[in-house]
Amino acid sequence: GAGVSQSPRYKVAKRGQDVALRCDPISGHVSLFWYQQALGQGPEFLTYFQNEAQLDKSGLPSDRFFAERPEGSVSTLKIQRTQQEDSAVYLCASSPRTDSGNTIYFGEGSWLTVV
Amino acid sequence: AQSVTQLDSQVPVFEEAPVELRCNYSSSVSVYLFWYVQYPNQGLQLLLKYLSGSTLVKGINGFEAEFNKSQTSFHLRKPSVHISDTAEYFCAVSTSGTYKYIFGTGTRLKVLA
Numbered sequence: 001g002a003g004v005s006q007s008p009r010y011k012v013a014k015r016g017q018d019v020a021l022r023c024d025p026i027s028g029h030v031s032l033f034w035y036q037q038a039l040g041q042g043p044e045f046l047t048y049f050q051n052e053a054q055l056d057k058s059g060l061p062s063d064r065f066f067a068e069r070p071e072g073s074v075s076t077l078k079i080q081r082t083q084q085e086d087s088a089v090y091l092c093a094s095s096p097r098t099d100s101g102n103t104i105y106f107g108e109g110s111w112l113t114v115v
Numbered sequence: 116a117q118s119v120t121q122l123d124s125q126v127p128v129f130e131e132a133p134v135e136l137r138c139n140y141s142s143s144v145s146v147y148l149f150w151y152v153q154y155p156n157q158g159l160q161l162l163l164k165y166l167s168g169s170t171l172v173k174g175i176n177g178f179e180a181e182f183n184k185s186q187t188s189f190h191l192r193k194p195s196v197h198i199s200d201t202a203e204y205f206c207a208v209s210t211s212g213t214y215k216y217i218f219g220t221g222t223r224l225k226v227l228a
């Protein structure tokens, strides 16, 4: 079946511009995660959804970052007034269950460059 | 809180040689451990995971890892690497009752001809 799909794959934004990154999880997956991966680093947790409920947003770096999953399927990560330090790969992942030993499935990421 | 340390940022190895990628974790509770691989311009793909039971875990592409509770380690091994194994490898940890996966900084494996 189809995997986790993210769009756009590549985005160049001017500093101060707003961006929206979309994630289509695997159909039926309850859990959805957003991670940020800076160059040469491992993925850093941003936020977690269980269906439409955002249960954890502790990793969002500032109030310029906002995520939603209104119908419990597609999710959007929005970054307002982008800054150069926001340049990174944004990874979406989904999982069919909610328990922590579960495998999470990653998309290919959205590469954001802020100039 | 949990943490993961991958001490080796880069590991060069010749084709058909064995390799070990090191991972150490820190946690005050029982953990679940994972190894993911990331090929260039692709997402992360699960290689193997340890949940409980046998401490030796076998994964895809001939990789295996051993959970060592006393040394808080979960090192990844392969007896004979191929050029196609060139990629970034990430160790990750989670704990029961949480959903957050904590990743290490990654080890870049470069297989040389």
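Protein chains in written order, with the numbering used here: chain S, 1 to 115; chain A, 116 to 228.
Every residue gets a Cβ at the ideal spot worked out from N, C-alpha and C, and that includes glycine.
These numbers come from a predicted model, not from an experiment.
Cutoff 8 Å: residue 36 of chain S Cβ touching any chain A Cβ: Position 36 of the first sequence holds residue 36 of chain S. With 8 Å as the cut-off, residue 36 of chain S does not count as an interface residue toward chain A.
Bounding residues of the beta strand (DSSP E) (the contiguous stretch that carries residue 180 of chain A): For the purposes of this step, residue 180 of chain A is identified with residue 65 of the second sequence, where counting begins at 1. Residue 180 of chain A -> beta strand (DSSP E) spans 179 to 183.
Exposed unless 16 or more other CB atoms sit within 10 angstroms - verdict on residue 69 of chain S: Numbered from 1 along the first sequence, position 69 holds the residue referred to as residue 69 of chain S. Label assigned to residue 69 of chain S: buried.
Contacts of residue 41 of chain S in chain A (Cβ-Cβ under 7 Å): Against the first sequence, residue 41 of chain S aligns to sequence position 41. Ordered by position in chain A, the residues that pass the 7 Å Cβ test against residue 41 of chain S are 220.
Beta carbon proximity, residue 48 of chain S to chain A, threshold 8 Å: Here residue 48 of chain S refers to the residue found at position 48 of the first sequence. It does: the Cβ of residue 48 of chain S has a partner Cβ on chain A nearer than 8 Å.
Secondary structure of residue 84 of chain S, DSSP reduced to three states: For the purposes of this step, residue 84 of chain S is taken as the residue at position 84 of the first sequence. In the structure shown, residue 84 of chain S sits in a helix (DSSP, three-state: H, G or I).
Inter-stretch contact (C-beta, 8 Å, three-pair minimum) for the segment 146 to 163 of chain A and the segment 123 to 133 of chain A: no
Through-space distance from residue 209 of chain A to residue 176 of chain A, alpha-carbon basis: The residue given as residue 176 of chain A occupies position 61 in the second sequence. The residue given as residue 209 of chain A occupies position 94 in the second sequence. Rounded to the nearest whole angstrom, the C-alpha separation of residue 176 of chain A and residue 209 of chain A is 23 Å.
Interface flag, residue 169 of chain A vs chain S, CB-CB below 8 Å: Walking along the second sequence from the start, residue 169 of chain A turns up at place 54. Not an interface residue.
Neighbourhood of residue 220 of chain A by C-beta distance below 6 Å, restricted to the same chain and skipping five residues each side: Residue numbering aside, residue 220 of chain A sits at position 105 when the second sequence is read from its first letter. Within the same chain, residue 220 of chain A has close Cβ partners 121.
8 Å Cβ cutoff, residue 205 of chain A in contact with chain S: Within the second sequence, the letter at position 90 stands for residue 205 of chain A. Closer than 8 Å: yes.
Which of helix, strand or coil DSSP assigns to residue 175 of chain A: For the purposes of this step, residue 175 of chain A is taken as the residue at position 60 of the second sequence. The answer is helix: DSSP assigns residue 175 of chain A an H, G or I state.
Beta strand (DSSP E) segment containing residue 79 of chain S, residue limits: For the purposes of this step, residue 79 of chain S is identified with residue 79 of the first sequence, where counting begins at 1. Per DSSP, residue 79 of chain S belongs to the beta strand (DSSP E) from 75 to 79.
Straight-line gap, residue 62 of chain S to residue 46 of chain S (C-alpha atoms, nearest Å): The sequence position of residue 62 of chain S within the first sequence is 62, counting from 1. The sequence position of residue 46 of chain S within the first sequence is 46, counting from 1. A straight-line Cα-Cα distance of about 10 Å links residue 62 of chain S and residue 46 of chain S.
Residue burial classification, residue 113 of chain S (beta-carbon count within 10 angstroms, cutoff 16): Taking the first sequence and counting its residues from 1, the one referred to as residue 113 of chain S is at position 113. It is exposed - the Cβ of residue 113 of chain S has fewer than 16 other Cβ atoms within 10 Å.
Residue nearest to residue 93 of chain S in terms of C-alpha spacing, selected from S:99, S:109, S:39: To locate residue 93 of chain S, count along the first sequence from 1; it is residue 93. Nearest C-alpha to residue 93 of chain S: S:109.
Three-state secondary structure (DSSP) of residue 141 of chain A: If you number the second sequence from 1, residue 141 of chain A lands on position 26. The answer is strand: DSSP assigns residue 141 of chain A an E or B state.
Straight-line gap, residue 30 of chain S to residue 50 of chain S (C-alpha atoms, nearest Å): Within the first sequence, numbered from 1, the residue matching residue 30 of chain S stands at position 30. Within the first sequence, numbered from 1, the residue matching residue 50 of chain S stands at position 50. Roughly 6 Å separates the two Cα atoms.
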